[in-house]
Amino acid sequence: MTRYFIYLSYKGTNYHGWQVQNNAVSVQELVNNALSILLKHEVKTVGAGRTDTGVHAKNYVAHFDSKVDNLDNNSKFLHSMNRILPHDIVIHRIRKVKPDANARFDATLRGYEYVISRSKDPFLLGLSWQYDAKLNIENMQLAAQQLFNYTDFTSFSKVGSDNKTNNCEIYKADWLVKGNILMFKIEANRFLRNMVRAIVGTLIDVGRGKITPEEFAQIIEHRDRKLAGTSAPAEGLFFTKVEYPEKVFY
2 MTRYFIYLSY
12 KGTNYHGWQV
22 QNNAVSVQEL
32 VNNALSILLK
42 HEVKTVGAGR
52 TDTGVHAKNY
62 VAHFDSKVDN
72 LDNNSKFLHS
82 MNRILPHDIV
92 IHRIRKVKPD
102 ANARFDATLR
112 GYEYVISRSK
122 DPFLLGLSWQ
132 YDAKLNIENM
142 QLAAQQLFNY
152 TDFTSFSKVG
162 SDNKTNNCEI
172 YKADWLVKGN
182 ILMFKIEANR
192 FLRNMVRAIV
202 GTLIDVGRGK
212 ITPEEFAQII
222 EHRDRKLAGT
232 SAPAEGLFFT
242 KVEYPEKVFY
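Note that the sequence shown ends on residue 251 in my numbering; no numbers are left out.
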């Protein structure tokens, strides 16, 4: 069997996240089915991580094994995959990797973007949180910088998650303003379930003046999800980046 990384993008509006689920359509299920049809044997992918219902991905990676050994940068196969898959899922590349390479456990960095439209915009409907309240972005930025001072993010983890640890190392956390678009970019070695949306929702509370940047830090220190803000809506969240060490590639 030959192992491959498959690189893809998807609009998550119509799906219950990446992960295969009972009685719900997922991106993973459709990708598995398309691969199995074309390769003529059952294929089960392993993704870089879960995404929640309605969350999008610009650059997502999964791995799979196949009896077929000529899929590396096979443009004809890519074309066939994209013909089978629905319009809101696209495969960019298939790359041969080492037999023990793992899209989930070998990832050294993951990145997300959260997009807020500060005015009503029909062209960003379903691709942003349309939120027009006045926000103190300077305080939101100050609060975001507090994330670098901590590693335990229990306060932003979905209650009941089966994480072995709630520790994450944050590498980047920045708010960017582009016209009416407010974007939060965050990168870390790993993320907890619902973590980014919980962080964004709590940072919005800072922007509204409901809590201060110092109180944002105190919320992290208390390790209690009930103290953090409401999770931001799924439609504004994009999985944007995943990186791997060179040792997994040929």
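Even for Gly, the Cβ is constructed at its ideal location relative to N, Cα and C.
Note that the structure is a prediction, hence the values are computed from the model and not measured.
- 8 Å CB neighbourhood of residue 26 in its chain, flanking five on each side removed: 15, 16 and 17
- Query: In three-state terms, what does DSSP make of residue 2?
  - Reply: coil
- If we count the other Cβ atoms within 10 Å of its Cβ and call it buried at 16 or more, is residue 109 buried or exposed? exposed
- Nearest to residue 169 by CA position, among 178, 155, 134 and 143, is which residue? 155
- Task: With DSSP as the reference, label residue 204 as helix, strand or coil.
- Result: helix
- Since residue 118 contacts residue 58 with CB under 8 Å, what's their CB separation in whole angstroms? No, residue 118 and residue 58 are not in contact; Cβ-Cβ is about 19 Å, not under 8 Å.
- Where does residue 105 fall in DSSP's three states? coil
- The beta strand (DSSP E) with residue 118 in it runs from where to where? 110 to 118
- Item | Whether residue 1 touches residue 205 by CB criterion (8 Å) | Here the chain has residues from 2 to 251 only, and residue 1 is not among them.
- For the candidate residues 244, 211, 242 and 240, whose alpha-carbon lies nearest to that of residue 229? 211
- Can you tell which of 7, 218, 30 and 137 has the C-alpha that lies nearest to the C-alpha of residue 75? 7
- Item | Coil, strand or helix - residue 140 by DSSP | helix
- Would you mind working out which of 238, 233, 2 and 227 sits nearest residue 97, comparing C-alpha positions? 2
- Task: Could you tell me whether the stretch 173 to 184 touches the stretch 131 to 138, where touching means 3 or more Cβ pairs closer than 8 Å?
- Result: yes
- residue 231 in three-state terms, based on DSSP: coil
- Message: Under 7 Å: does the beta carbon of residue 224 sit that close to some heavy atom of the ligand FMN?
- Response: Here there are no bound small molecules, and the ligand FMN is not part of this structure.
- For residue 122, which option in 215, 132 and 37 has the closest C-alpha, if you only look at C-alpha atoms? 132
- Message: Measuring straight from C-alpha to C-alpha, what distance separates residue 140 and residue 243?
- Response: 29 Å
- Message: Closest to residue 35 by C-alpha separation, out of 87, 187 and 99, would be which residue?
- Response: 87
- Query: Near residue 151, what residues of its chain come up, given a Cβ to Cβ distance below 7 Å and the 5 sequence neighbours on each side ignored?
  - Reply: 221
- Tell me the DSSP bridge mates of residue 253? Because the chain in this structure spans residues 2 to 251, residue 253 falls outside the shown range and cannot be described.
- Task: Identify which residue in 164, 129, 176 and 223 has its Cα closest to the Cα of residue 56.
- Result: 129
- Could you work out which residue in 114, 126, 171 and 80 is closest to residue 191 when comparing CA atoms only? 171
- Task: Apply the 10 Å Cβ neighbour rule to residue 116 and answer buried if 16 or more other Cβ atoms are within range, or exposed otherwise.
- Result: buried
- Is it true that the CB of residue 164 sits closer than 8 Å to the CB of residue 53? no
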